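What follows is a set of notes on a single structure, which appears directly below.
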Amino acid sequence: MVIYRENNKANHLWDAGITYLISNNIQLDATVGTSITTGQDILISTGVSFRIPN
């Protein structure tokens with residue numbers, strides 16, 4: 045396994061996301077992005093967050 049390679053190039057991304065608060069304790073997240081350097085790298089992510097009341 046090689047962690048550091050001599051010829052690695054940086055890959056820069058941009059992304060944008062939204063959040064939607066379903067209730068005071070539950071939130072939905074979505075993100076979309078792409079590479080701005082080389083290739084057609086696409087980033088898509090979703091998530092759910094919840095708060096545990098005290």
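What the sequence shown shows, in my numbering, is residues 45 to 98, in sequence order.
Just so you know, even glycine gets a beta-carbon here, dropped at the ideal spot from N, CA and C.
Since the structure is predicted, the reported quantities are computational estimates derived from the model, not experimental observations.
Problem set entry | As assigned by DSSP and simplified to three states, the class of G61 | Stepping through the sequence shown from its first residue, residue 61 is reached at position 17. Look at G61 here: in three-state DSSP terms it is strand.
Exercise. If we call anything under 9 Å between Cβ atoms a contact, is V92 one with I70?
Worked result: As a working note, residue 92 is residue 48 in the sequence shown. As a working note, residue 70 is residue 26 in the sequence shown. Contact flag set, yes.
Exercise. Can you give the beta carbon distance from D59 to T81, rounded, assuming they're within the 8 Å contact cut?
Worked result: Position 15 of the sequence shown, counted from the first residue, corresponds to residue 59. Position 37 of the sequence shown, counted from the first residue, corresponds to residue 81. No, D59 and T81 are not in contact; Cβ-Cβ is about 14 Å, not under 8 Å.
Exercise. Excluding five sequence neighbours on each side, which residues of the same chain lie with their C-beta closer than 6 Å to the C-beta of G77?
Worked result: Position 33 of the sequence shown, counting from 1, holds the residue named residue 77. Only L57, W58, D59 and L87 meet the Cβ criterion.
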